[in-house]
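Peer 1: In terms of this note's numbering, the sequence shown is residues 2 to 168.
Glycine is no exception: its CB is placed at the ideal position from the N, C-alpha and C atoms.
Take this structure, written in structure tokens, and hold onto it; I'll ask about it next.
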Amino acid sequence: MRYLEHAEPVITLTAGPVNAYPAVLRGLGRTVLYDHDPAFQLLYEGVVDKAQKAMRLSNRPVILHGEPVLGLEAAAASLITPDDVVLNLASGVYGKGLGYWAKRYSPRLLEIEVPYNEAIDPETVAATLKSHPEITIVSVCHHDTPSGTINPIDAIGALVSGHGAYL
């Protein structure tokens, strides 16, 4: 979205160089529906019902209510065990944060870190995977918005898959 294409001014309300659409900005101006409000509880239950049906679950899913990084930490907590060897690819603050979470759940953390305005080089990932066959999990942030880096996730994913690790 470019400023000149819109009559309304572009105001970013995000952690990175991403513009918010006018409809989003209008939505942010509405009354906040807090999680202790009975109306929120009804909305939440409806979303849980839809998620359970869409995912064909026999149990009720738990939908975490919080900022997006809450989901990233929950993924780390759910997927990483003390026996895992984690390779973290850090090209920005979110990628670096994934490493901090990974370290909580496995003491064996390797990291490829580049300046926060550069993307991860797949050749470096390939060399690290080759020299560390014990790696079981690779964590990477595809688009680290605060630094604006976009990592070549297709190439990295192919390398990780070929190694037999989880991405």
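(1) For Asn89, does the count of other Cβ atoms within 10 angstroms reach 16, so buried, or fall short, so exposed?
(2) From which residue to which residue does the beta strand (DSSP E) around Ser140 run?
(3) Taking Arg61 as part of the alpha helix (DSSP H), name the residues at either end of that continuous run.
(4) Does the beta-carbon of Val161 have 16 or more other beta-carbons within 10 angstroms, so that it is buried, or is it exposed?
(5) Grouping DSSP H, G and I as helix and E and B as strand, with all else coil, what is Ile151?
(6) Would you mind reading off the limits of the beta strand (DSSP E) that contains Glu112?
(7) Could you check the C-alpha separation between Ile138 and Gly149 for me, to the nearest Å?
(8) If you measure between the beta carbons of Leu99 and Ala77, is that distance less than 8 Å?
(9) What does the alpha-carbon distance come out to for the pair Cys142 and Gly96?
(10) Using 10 angstroms around the beta-carbon of Asn152, count the other beta-carbons present and answer buried if the total reaches 16, otherwise exposed.
(11) Could you spell out the range, first to last residue, of the alpha helix (DSSP H) harbouring Ala40?
Peer 2: Looking at the coordinates:
(1) buried
(2) Unbroken beta strand (DSSP E) run through Ser140: 138-141.
(3) Arg61 -> no alpha helix (DSSP H), and no H or E assigned at all.
(4) Residue environment analysis places Val161 among the buried positions, since at least 16 neighbouring C-beta atoms fall within 10 angstroms of its C-beta.
(5) strand
(6) 109-114
(7) Between Ile138 and Gly149, the C-alpha separation is close to 24 Å.
(8) Yes, they are a contact pair.
(9) Answer to the nearest angstrom: the Cα atoms are 5 Å apart.
(10) So Asn152 ends up on the buried side.
(11) 39-55
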